[in-house]
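Here the protein sequences come in this chain order: A and B.
Under this note's numbering, the final residue of the first sequence carries the number 298; numbering is consecutive throughout.
Under this note's numbering, the final residue of the second sequence carries the number 493; numbering is consecutive throughout.
We put the CB at the ideal spot given by N, CA and C, even for glycine.
Only a predicted model underlies this, so the values are computations on that prediction, with no experimental measurement involved.
Read through the structure below, which is laid out as structure tokens, and then see the notes.
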Amino acid sequence: MNETATASGYNFAYLDEQTKRMIRRAILKAIAIPGYQVPFASREMPMPYGWGTGGVQVTAAVLGPDDTLKVIDQGSDDTTNAVSIRKFFERTAGVKTTTKTTDASVIQTRHRVPEEKLRADQILVYQVPIPEPLRFLEPRETETRQLHALAEYGLMHVKLYEDIARHGRIATTYAYPVEVAGRYVMDPSPVPKFDNPKIGDCAALQLYGAGREKRIYAVPPHTKVKSLDFEDHPFRVQTFREPCALCAAEDVYLDEVVLDDRGGRMFVCSDTDYCEQRRTDGHRGKMLGKVPLGGEAA
Amino acid sequence: MTVHAFTDPVFDAQKVFRAAMNVLSRPGTLVPLEADVRPPAPLSLEIAALALAFADHETPIWLDAALTSVSYVGEYLKFHTGAPITPHPVEAAFALVSEPALCPSLTSFTAGTADYPDRSTTIFVQTDTLRSSRSFTLRGPGISGTAALRADPLPPAFPREWAANRALFPRGVDMLFAADGWIAGLPRSTELSEA
């Protein structure tokens with residue numbers, strides 16, 4: 001812990017105690033009613049909406065001085081959003097931070113679930129832009145609330161069916177709706193549908209925070225999470241033709257990187273920590289340069 | 299004996315919250331509750347710590363007969379949390395139960411509405427033990443396979459009362475049980491059966 005870098009004049013983890021209590025109460029309700037969006041009095045944070053204010057508030061309410069925090073943005077530890085949120089908690093809470101998934105006790109994420117299997121002593125906090133899975137089908141909050149109350153999710157099935165009618169398959173590739181514990185339909189935040197199977201029966205508690213929309217929801221550990229589908233059009237995740245160009249990993253989610261203006265491209269792990277760990281372990285993709293990581297170079 | 303609330307309000311509340319979060323997300327699992335509080339008897343240390351961590355001016359507290367009979371208890375909670383004390387269980391955000399055998403029916407508390415099932419009572423129950431030989435089997439979210447609840451004593455007709463509460467899902471009350479510095483959770487999503 002870097003004591004000297006901790007900003008003075010703020011409460012631990014920035015939020016005042018009454019705000020934390022209010023968020024903590026919402027988290028308890030969210031856990032008790034898996035997939036239900038609990039309204040909470042979201043505060044203004046010193047960052048714009050859309051930068052993870054919901055996730056930041058949940059993290060601030062959960063965090064203790066002994067926690068180790070990891071923040072990822074689209075799987076990456078070193079993009080602006082991840083770096084600034086990590087710094088925010090280094091300064092306001094003085095907690096240890098890490099980029100290693102295995103070393104973290106709290107992981108705040110934007111739009112990915114880490115490739116590494118999560119443990120029971122870890123908490124995954126998602127940043128959520130639009131928590132209501134039915135919002136683009138029914139704009140009125142009063143109506144969507146009633147649809148959830150009645151467990152009336154026909155609209156969503158019609159939407160998925162129209163996808164099939166138009167494209168021959170369910171065309172939704174991210175924020176793919178799931179049914180949690182056989183009751184609520186939930187937006188898993190804009191993670192690629194590739195990550196949906198990792199949300200179900202996960203050993204870690206998963207918390208979702210939407211700052212602008214003022215909602216908190218949760219998936220407890222070992223909870224059944226089913227991606228919506230049809231018997232004749234079962235849910236399938238994305239597959240990739242080739243392994244990661246840097247670490248040769250298969251069965252992971254890959255990002256496309258355009259290399260030149262002549263159609264050159266490479267596919268690399270979206271989870272940077274996972275990719276680095278594999279390269280350190282000696283795995284080599286076909287486009288990895290000659291100097292290996294880990295100081296083995298002569 | 300002087301009574302006092304958290305000696306370290308920020309970090310004590312955080313520790314109590316994490317313990318409560320862990321037991322509700324893993325029903326039946328026992329988690330130690332560490333907090334430096336000294337409440338007036340008969341309010342127990344664990345129940346006091348939970349109330350101090352979660353209650354404030356937005357959350358009315360209901361006290362059972364034994365806790366109501368000692369005026370210090372209500373005064374202690376009002377002074378340290380700012381929460382109003384309500385005589386009506388149906389108005390309570392938190393219900394504090396020190397004598398489970400005399401606990402009113404779970405239906406006397408509020409189960410929330412179909413639109414807002416979160417507007418419900420969370421019940422903190424002081425028990426003699428969480429390691430009784432009498433065990434209930436738990437199934438549901440947060441549980442891999444089955445778990446066990448060994449809290450004793452429990453409110454009257456508990457398995458039946460809880461089954462009725464479970465049937466209300468997503469409405470319903472949530473419960474936390476405490477004894478000897480440990481807590482266990484029973485969220486409304488959990489199915490309970492006699493082992």
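- The C-beta of lysine 198(A) has 16 or more other C-beta atoms within 10 Å across all chains shown, which makes the residue buried.
- A buried status is given to aspartate 73(A), since no fewer than 16 other beta-carbon atoms sit within 10 Å of its beta-carbon.
- Beta-bridge annotation (DSSP): tryptophan 480(B) is paired with Pro330(B), Ala477(B).
- For secondary structure counted as the beta strand (DSSP E) over 3 or more consecutive residues, the region 230-270 of chain A holds these complete runs in sequence order: 254-258, 265-269.
- Any Cβ of chain B closer than 8 Å to the Cβ of glycine 9(A) would place that residue at the interface, and such an atom is absent.
- Going by beta carbons, serine 431(B) and isoleucine 31(A) fall outside the 8 Å limit.
- Secondary structure note for phenylalanine 434(B): its beta strand (DSSP E) is the uninterrupted segment 434-437.
- With a cut-off of 8 Å on Cβ pairs, the region 135-147 of chain A is not in contact with the region 214-230 of chain A, counting fewer than three such pairs.
- Membership of alanine 318(B) in any beta strand (DSSP E) is not indicated; the residue belongs instead to the alpha helix (DSSP H) covering 307-323.
- Collapsing the DSSP output to three states places isoleucine 441(B) in coil.
- Taking all protein chains in view, the Cβ of aspartate 187(A) is crowded by 16 or more other Cβ atoms within 10 Å, so the residue is classified as buried.
- The alpha carbon of leucine 254(A) has as its nearest neighbour, out of Glu242(A), Ile27(A), Thr97(A), the alpha carbon of Glu242(A).
- Its chain contains Gly52, Val56, Val71, Gln108 as the residues whose beta carbon lies nearer than 7 Å to that of isoleucine 85(A), once the 5 sequence neighbours on both sides are disregarded; these appear in chain order.
- For the options Ala82(A), Gly64(A), Gly168(A), Tyr208(A), the alpha carbon positioned closest to that of threonine 272(A) is the one of Ala82(A).
- Your pair alanine 381(B) and alanine 353(B) checks out as a contact, with CB atoms roughly 4 Å apart and the cut at 8 Å.
- Residue range 215-219 is occupied by the beta strand (DSSP E) that includes alanine 218(A).
- Looking at the DSSP output, glycine 209(A) sits in a beta bridge with Gln127(A), Ile216(A).
- DSSP assignment within the region 129-192 of chain A yields the following whole alpha helix (DSSP H) runs of 4 residues or more, N-terminal first: 141-149, 154-167.
- Looking from the CA of leucine 137(A), the closest CA among Tyr126(A), Val191(A), Pro39(A), Val158(A) belongs to Val158(A).
- Taking a Cβ-Cβ threshold of 9 Å, none of the residues of chain A is close to proline 382(B); the smallest such distance is about 15 Å.
- Following the DSSP letters along the chain, one finds isoleucine 31(A) inside the alpha helix (DSSP H) bounded by residues 17-32.
- Taking 8 Å as the cut-off, the beta carbon of valine 237(A) is found closer than this to the beta carbon of phenylalanine 194(A).
- Scanning chain B for C-beta atoms nearer than 8 Å to the C-beta of glycine 64(A) yields Phe309, Gln312, Lys313, Arg316, reported in chain order.
- Histidine 386(B) counts as exposed, since fewer than 16 other C-beta atoms from the protein chains shown sit within 10 angstroms of its C-beta.
- Leu69(A) is the residue among Gly200(A), Lys96(A), Leu69(A), Thr92(A) whose C-alpha sits nearest the C-alpha of valine 125(A).
- In the displayed model, aspartate 472(B) falls within a strand according to three-state DSSP.
- Of all residues in the region 334-363 of chain B, only Ala351, Phe352, Ala353, Asp354, His355, Glu356, Thr357 place a beta-carbon less than 9 Å from a beta-carbon of chain A.
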